[in-house]
Structures are given as C-alpha cells and as structure tokens.
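I have placed the structure first, in the form of structure tokens, so that the comments after it can refer back to it.
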Amino acid sequence: MSKEKKIIAAKKAFEYVEEGMKLGLGTGSTADEFTKILSENVKDGFEIICIPTSENTKKLAESLKIPLGNLEDYNILDITIDGADEIDDSLSLLKGGGGALLREKIIAFNSKKMIVIADDSKKVSKLGDFKLPIEVIAFEHDTTIKRVLEKLEVIGYSGTASLRMLNDLPFQTDSKNLIYDLSIGLIKEPSDIDNLLNSIPGVVENGLFVDMANIVILGEENGVKIIEK
C-alpha cells in the first residue's frame, strides 16, 4: 500500500507542473515515482527541463529520456518536487535517508516553490524518530562529530552518532563527503538545530529543511491530503 500512496501523491504533484517549467527533480523512492510519471508525459511531447538532485536521479532521468540541465544555466527554478523522511506540523522536513541532502537543499533553496510528496506515514507532530543525517568532510571527521555531539548536549540534546556505511566502507555522497546519522530524540525547534549544526567547522550540511516546503502532498488510502504553508 505504501507504494500506491507514493504514486497517488506523485500523480497529484504533476498537476502543479506546467509546460516549459524548469524543474528540480528529487531523490528517493517517492521522487522516483514522480520522475517516472513525468517521463510518460515527456514521451507525449510535454516540454520541460529538469535539474536532478543526485547522480542516481540523473541516471534515472537520462534512462527515461527526460531533458536535463544545470542550475547555473537557469539561476532560479520554478518548482522542486522531492520526498521527505519526516514532515512536521510546521512543514519542516527531515531528509537525507538517501544521502543526497546537500544537493537536494541547494536545488530546493534555488527554486520558487518546493513541493514535497510522501505517503501519509511520513507526517509527524515532531521530527526526530528518523535519524538526522549530517554531511561532513572526510578530514578529521571523527573530531567533527565529537564537537557536534558536545554542542548538541549543551542545548539539551544527548544522543549518539553512527557513520553511515555501504558494503563495509564509509558511504560517500555525490560530493565525496561522509554522512553521520544522529539519534537525538524528538526535535523541539528544528531551526535551532539547523543553525547550530551548520555553524560547526567540518559540517557541510544537515538533513533539516526549515521554511523550505511550500506544499506537502500526502498519499492516503483513499486519495491525497494537501497541506499548504
């Protein structure tokens, strides 16, 4: 049922897309469903230019013959359509389970509007059940994460961090950085955590997307729920 809900949300998101738009393509299983729906319309002559948020999304879009471009060629995109791991009541997001959080945030920030698609299980009252990813440079990354945990504890968030692995090796992002997944409990003020993490040298970006989502489309058993900010 989860996949069906994702497809329902993705189909609804396409209704916001107009021919000729410059579109940010998200990363992850739900975003992939949107990319597939978009490709069917491209086959029928629908004209669009898309900027992918990851190498995986780029490969998928290329395989589906979706026209791609670069952000620098268009400056500001019309819409980014992406998924999320968690969405709270204020439409703050927790993202990065797929490891593309840096590029996802760059593309979303440089878009007029961000539409988030997800199944209804991703809607929560507070973020934090899902681990919070932070992207760090490889240089002295173990020291960087120590400072992260120390700073978080000062403001009342005690927790742990685990280096993300893939095939027994540290997972590398598309930008050749590393990811630590933080378990710090429920996040009361996402903006405070966002600002704190990004103030620590060595941290490139984190998976909190605060004040970025304009519309959330949740796939439900009998349709969709749309939440607008």
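Under my numbering, the first residue of the sequence shown is numbered 7, with each subsequent residue one higher.
Don't be surprised by glycine CBs; every beta carbon is placed ideally from N, CA and C.
Note that the coordinates shown come from a computational prediction; the quantities given were computed from them, not determined experimentally.
For residue i, write down the residues that DSSP places opposite it in a beta bridge.
| i | result |
| --- | --- |
| L108 | Paired residues: none, contrary to the question. |
| P58 | L31 |
| T150 | Partner(s): none; T150 has no beta bridge. |
| P139 | D187 |
| K231 | L224 |
| T166 | S189 |
| K6 | Outside the modelled stretch of the chain, which goes from 7 to 235, sits residue 6, for which no answer is possible. |
| M171 | P176 |
Could you have a look at residue i and say whether DSSP puts it in helix, strand or coil?
| i | result |
| --- | --- |
| S131 | coil |
| P176 | strand |
| N212 | strand |
| L31 | strand |
| D182 | Checking the sequence, you will find Lys at residue 182 rather than Asp. Three-state result, K182: coil. |
| A144 | coil |
| E46 | helix |
| I14 | helix |
| P73 | coil |
| L99 | strand |
| P196 | helix |
| E24 | coil |
| D91 | coil |
| I113 | helix |
| E124 | Sequence check: residue 124 is Ala here, not Glu. Looking at A124 - three-state DSSP - the assignment turns out to be strand. |
Buried or exposed: which applies to residue i, given that a residue is buried once 16 or more other Cβ atoms fall within 10 Å of its Cβ?
| i | result |
| --- | --- |
| V209 | buried |
| F145 | exposed |
| L172 | exposed |
| E25 | exposed |
| E92 | buried |
| G30 | buried |
| E53 | exposed |
| T149 | exposed |
| S98 | buried |
| D174 | exposed |
| E39 | buried |
| N212 | buried |
| G162 | exposed |
Is the separation between the beta-carbon of residue i and that of residue j shorter than 8 Å?
| i | j | result |
| --- | --- | --- |
| N59 | I113 | Sequence inspection shows Thr at residue 59; the Asn mentioned does not correspond to that position. It is a contact, given that the beta carbons lie within the stated cut-off. |
| V230 | I14 | yes |
| G134 | G191 | yes |
| K118 | I85 | yes |
| A167 | L188 | yes |
| I143 | N116 | no |
| K17 | I55 | no |
| V222 | I233 | yes |
| K132 | I193 | yes |
| A108 | T63 | Reading the sequence as shown, one finds Leu at residue 108 and not Ala. Taking 8 Å as the Cβ cut-off, L108 and T63 do not qualify as a contacting pair. |
| G1 | D88 | Here the chain has residues from 7 to 235 only, and residue 1 is not among them. |
| L169 | L184 | yes |
| E226 | K11 | yes |
| F215 | K111 | yes |
| I57 | G75 | yes |
| A67 | T41 | yes |
Against chain D, with Cβ distances strictly below 8 Å, would residue i count as a contact?
| i | result |
| --- | --- |
| I54 | Structure shown: chain D not included; a single protein chain is present. |
TODO: Could you tell me whether the stretch 148-159 touches the stretch 123-137, using the rule of 3 or more Cβ pairs below 8 Å?
DONE: Touching, no, given that fewer than three Cβ pairs across the two stretches are closer than 8 Å.
Task: Stretch-stretch touch, CB-based, cutoff 8 Å, three pairs: the stretch 66-73 with the stretch 92-102 - done: The stretch 66-73 makes no contact with the stretch 92-102: fewer than 3 CB pairs, one atom from each, lie closer than 8 Å.
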